[in-house]
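J.: Quick note on this note's numbering: the sequence shown kicks off at 573 and runs consecutively.
Glycine included, C-beta positions come from ideal geometry on N, C-alpha and C.
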Amino acid sequence: MRKLCDEVHVSELQNMNDYLTTEIDLQVYRLYNLTYEEVLLVEPEFALPKEAYETHLSLQE
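And the structure:
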């Protein structure tokens, strides 16, 4: 049981780390006013759809 709890905790920490990494990336892209196409040049495997990226940027203004 303890091992399962530890695995769940590690999984939650990884999810939080992934979320925070994405948020930091988005803030940097916003800081440099990168378009969606420019983000794809920097990070070809960027997972956020164009509409979601543009919405996120407009919410931060």
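From leucine 613 to tyrosine 601, what does the alpha carbon distance come to, in whole angstroms?
T.: Translated into the one-based positions of the sequence shown, residue 613 becomes position 41. Translated into the one-based positions of the sequence shown, residue 601 becomes position 29. When rounded, the distance between both Cα atoms is 12 Å.
J.: Indicate whether lysine 622 and tyrosine 608 have their beta-carbon atoms separated by less than 9 Å.
T.: On the sequence shown, residue 622 is found 50 positions in, with the first residue counted as 1. On the sequence shown, residue 608 is found 36 positions in, with the first residue counted as 1. Cβ atoms of lysine 622 and tyrosine 608: closer than 9 Å.
J.: For threonine 607, name the three-state secondary structure that DSSP assigns.
T.: Along the sequence shown, one-based indexing puts residue 607 at 35. Three-state result, threonine 607: coil.
J.: Here's a check: name, in chain order, each residue in its chain whose Cβ is nearer than 8 Å to the Cβ of aspartate 597, leaving out the five neighbours to either side.
T.: By 1-based counting over the sequence shown, the position of residue 597 is 25. Contacts found: Glu615.
J.: Taking its Cβ as the centre, do 16 or more other Cβ atoms sit within 10 Å of tyrosine 625, making it buried, or is it exposed?
T.: Taking the first residue of the sequence shown as position 1, residue 625 is located at position 53. The residue in question, tyrosine 625, is buried, as its Cβ has 16 or more Cβ neighbours within 10 Å.
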